[in-house]
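Just so you know, we're using full-length UniProt numbering here: the sequence shown kicks off at 1 and counts up by one. Each remark here refers to the structure printed beneath this line.
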Amino acid sequence: MYFIALATDYDGTLAHDGTVTTKTLAALERFKKTGRKMVLVTGRELPDLKRVFPDIGLFDKVVAENGALIYTPASEEERAIAPSPEPKFVARLKKQGVKPLSVGQSIVATWEPHQTKVLEVIKELGLELEIIFNKGAVMILPSGINKATGLTAALQDLRLSPHNVVGVGDAENDHAFLQACGCSVAVDNAIPAVKTTADLVMRGARGKGVEELIDKLIKRDHEIVPRRHDGIVLGSAGGDEIYLSPTDTVLIAGSSGIGKSTLATALTERFVESGFQFCVFDPEGDYDGLEGAVRLGDGSSAPTKDQVLDLVAKADSNVVVNGLALRVNERPDFFADLLPGLSCFRRRTARPHWLVIDEAHHLLPKRRDDTRAVLSLELPGTILITVHPEAISTDALRLVTAIIALGPKAKDVVKVFCRETGIESPKEISSPKGERVLFWRPQKRKKLAMVKVIEPHQSLKRHSRKYAEGQLDEAGSFYFHGPDDAMNLRAHNLMIFAQMAEGIDDKTWEFHLRAGDYSKWFRHQIRDKDLARETAEAEQDQTLSAEESRKRVLDAVRRRYTAPATAPE
1 MYFIALATDY
11 DGTLAHDGTV
21 TTKTLAALER
31 FKKTGRKMVL
41 VTGRELPDLK
51 RVFPDIGLFD
61 KVVAENGALI
71 YTPASEEERA
81 IAPSPEPKFV
91 ARLKKQGVKP
101 LSVGQSIVAT
111 WEPHQTKVLE
121 VIKELGLELE
131 IIFNKGAVMI
141 LPSGINKATG
151 LTAALQDLRL
161 SPHNVVGVGD
171 AENDHAFLQA
181 CGCSVAVDNA
191 IPAVKTTADL
201 VMRGARGKGV
211 EELIDKLIKR
221 DHEIVPRRHD
231 GIVLGSAGGD
241 EIYLSPTDTV
251 LIAGSSGIGK
261 STLATALTER
271 FVESGFQFCV
281 FDPEGDYDGL
291 EGAVRLGDGS
301 SAPTKDQVLD
311 LVAKADSNVV
321 VNGLALRVNE
331 RPDFFADLLP
341 GLSCFRRRTA
351 RPHWLVIDEA
361 HHLLPKRRDD
371 TRAVLSLELP
381 GTILITVHPE
391 AISTDALRLV
401 TAIIALGPKA
411 KDVVKVFCRE
421 TGIESPKEIS
431 SPKGERVLFW
441 RPQKRKKLAM
451 VKVIEPHQSL
461 KRHSRKYAEG
471 QLDEAGSFYF
481 HGPDDAMNLR
491 AHNLMIFAQM
501 AEGIDDKTWE
511 FHLRAGDYSK
521 WFRHQIRDKD
531 LARETAEAEQ
541 DQTLSAEESR
551 KRVLDAVRRR
561 YTAPATAPE
């Protein structure tokens, strides 16, 4: 489920003349049985609401007094989020003959045409109060308090994001909370201004409109709104914007060093801009320094399952789970242990909205027999990034709803995906050119699109920790073997490389130096052109002794990767 909760107004929406019909109550109960939450958002004072609505216990939270009071029916706890009315203000209104006049814990309410007298008293006393109208009702509240602020407080208690809430209402005072919801709905009797700004308008009025909405949500959930409604812009194709939905499972694949992590970084920036919570699984330390996120783990200490779950439970925390301290063969076990708990939390809250799984073939490998067991039936809001789509669990690949293929091997990505999942491959697959990527929705069977993707604003110092302290695979490691192949010393990161380089004999050092092996490794495996260029200069300088060339190369490595950070002055 994506829409986890329903937030509804009472009068004119759920109720007609203060009463909720038996049929509407049955619809609410049916909605509740799906595991979703319900929040009642009303301008009424709580005692009055309890009197007219004995079934208030159906709701998980009640926002009363137009946002000023939060009530929890299960525990009967009341929590005011706004100060009480000034006695002198109430006294002056009574003296001015304002009747009827109702005083709640925070709200003061009357009816038109008394708003003129109310405004005069507010100005006279110099109070920071606002007047809110609702079909003839005049509600006076502390400045900044409305149904939206009340709903926000209630959702914080429930650990839910407004993105995952459908709001339904009918009147002027519903505008604020409807616009705060992931999907805003107007019943048919709503005023024109509410209908105009709502995402959806029901055919039914009042309770019948709510019943209609509930039926749609149970049957279709997120599909009730267009993909672009709360989607993230991937880029453009033929003048049209291409969106990724928070219910999508996305595969980003292509050759090494072609820009997959760069694209993922750009997408995380869009998540932050849109208020979506995200969690990045970063086995190689590629996302150190990612803006808007907290990092767990580093090259010497691995994150724990409890740390991850505790942090994602905070709705305003984005997380990068750094797995550098985990060996390659330990990563699938770590992920298999974490995913069930994370999936359970997502089923309850729909958060984090997006999971970014880099090196997905490490975390969800095909070779594991238990991947099906640790996978949920769906992976909504998930981005799988890999060089090797054929090595990802077939069960995970079958969940993919969108493919983004980059680079010269983009066509191969699509073909491999189709072969692994048993989906018929498109007959014509063109290679993307320039900065474009291939985009395809395999379940929709639409034509492939050439998309010019968004670019990140931030410039990450990517890979530095990975290459300095991580564990490169066998193909990516450096091997000191010397002129006679008398040794086979593997350096799986730059720190180990520097230690070995200091300990080997001059003959071995110079053998690799004159063959240009160091600069080749730095250029093709470490992918640091500047380090490779500086090293190549030392390799080509025949006047340098073994000691001098060794010092120059290792100084260049340490300066870029292994030197400690400079302390602030």
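Note that beta-carbon positions come from the ideal geometry of N, C-alpha and C, so glycine has one too.
| Item | Value |
| --- | --- |
| For the beta strand (DSSP E) containing S184, name the first residue and the last one. | C183 to A186 |
| Going by C-alpha distance, which of G503, V272, S84 and A80 is nearest H163? | V272 |
| State the Cα-Cα distance for the pair H175 and P113, rounded to the nearest angstrom. | 22 Å |
| Taking Cβ positions, are I232 and Y243 nearer each other than 8 Å? | yes |
| Does A491 come out as helix, strand or coil in the three-state DSSP assignment? | strand |
| Can you list, in chain order, the stretches of the alpha helix (DSSP H) that have 4 or more residues and sit fully within the region 234-309? | 260-274 |
| With distance defined between alpha-carbon atoms, name the residue in V453, C181, Y71 and K123 nearest to A237. | V453 |
| When we look at the beta-carbon of P47 and count the other beta-carbons within 10 Å, is it buried (16 or more) or exposed? | exposed |
| Smallest Cα separation from V210: which of T22, R550, P283 and I107? | T22 |
| Would you report the Cα separation of S161 and C181, rounded to the nearest angstrom? | 9 Å |
| For the alpha helix (DSSP H) that G341 lies in, which residues bound it at each end? | R331 to T349 |
| To which residues of the same chain is R462 closer than 7 Å at the C-beta, ignoring the five residues directly before and after it? | Model confidence at R462 stands at a pLDDT of 49, short of 50, so the residue's coordinates are unreliable and nothing is read from them. |
| Leaving out five residues on either side along the sequence, give the residues of the same chain with a beta carbon under 6 Å from the beta carbon of L200. | V185 |
| Hey, out of A546, R490 and A491, whose CA is closest to K507's CA? | A546 |
| Would the region 385-402 and the region 307-319 be scored as touching if the rule is three or more Cβ pairs under 8 Å? | no |
| E212 by DSSP, collapsed to three states: which one? | helix |
| Please list, in chain order, all residues of the same chain as K411 whose beta carbon is under 7 Å from its beta carbon, the five residues on each side excluded. | I429 and S431 |
| Relative to the C-alpha of E130, which residue among V98, N173 and K94 is closest? | N173 |
| Using the three-state DSSP reduction, which class does V553 fall into: helix, strand or coil? | helix |
| Using 8 Å for Cβ pairs, my map puts V414 next to L494. What's the rounded Cβ distance? | Their Cβ separation, rounded to whole angstroms, is 36 Å, which puts V414 and L494 out of contact at 8 Å. |
| Going by the DSSP bridge assignment, what does N322 pair with across the sheet? | D282 |
| By a C-beta neighbour count over all protein chains shown, 10 Å radius and 16 as the cutoff for buried, is V294 buried or exposed? | exposed |
| Touch check for the region 437-455 and the region 416-423: three-plus C-beta pairs under 8 Å? | yes |
| Alpha carbon to alpha carbon, what distance is there between V320 and R436? | 27 Å |
| On the criterion of 16 or more Cβ atoms from any shown chain inside 10 Å, does A567 qualify as buried, or is it exposed? | Since pLDDT at A567 reaches only 36, below the 50 mark, its modelled position is unreliable, and the value read off the structure follows with that caveat. Under this definition A567 is an exposed residue. |
| Buried or exposed: where does L296 fall if 16 or more other Cβ atoms within 10 Å of its Cβ makes it buried? | buried |
| Can you tell me where the alpha helix (DSSP H) holding G150 begins and where it ends? | K147 to L158 |
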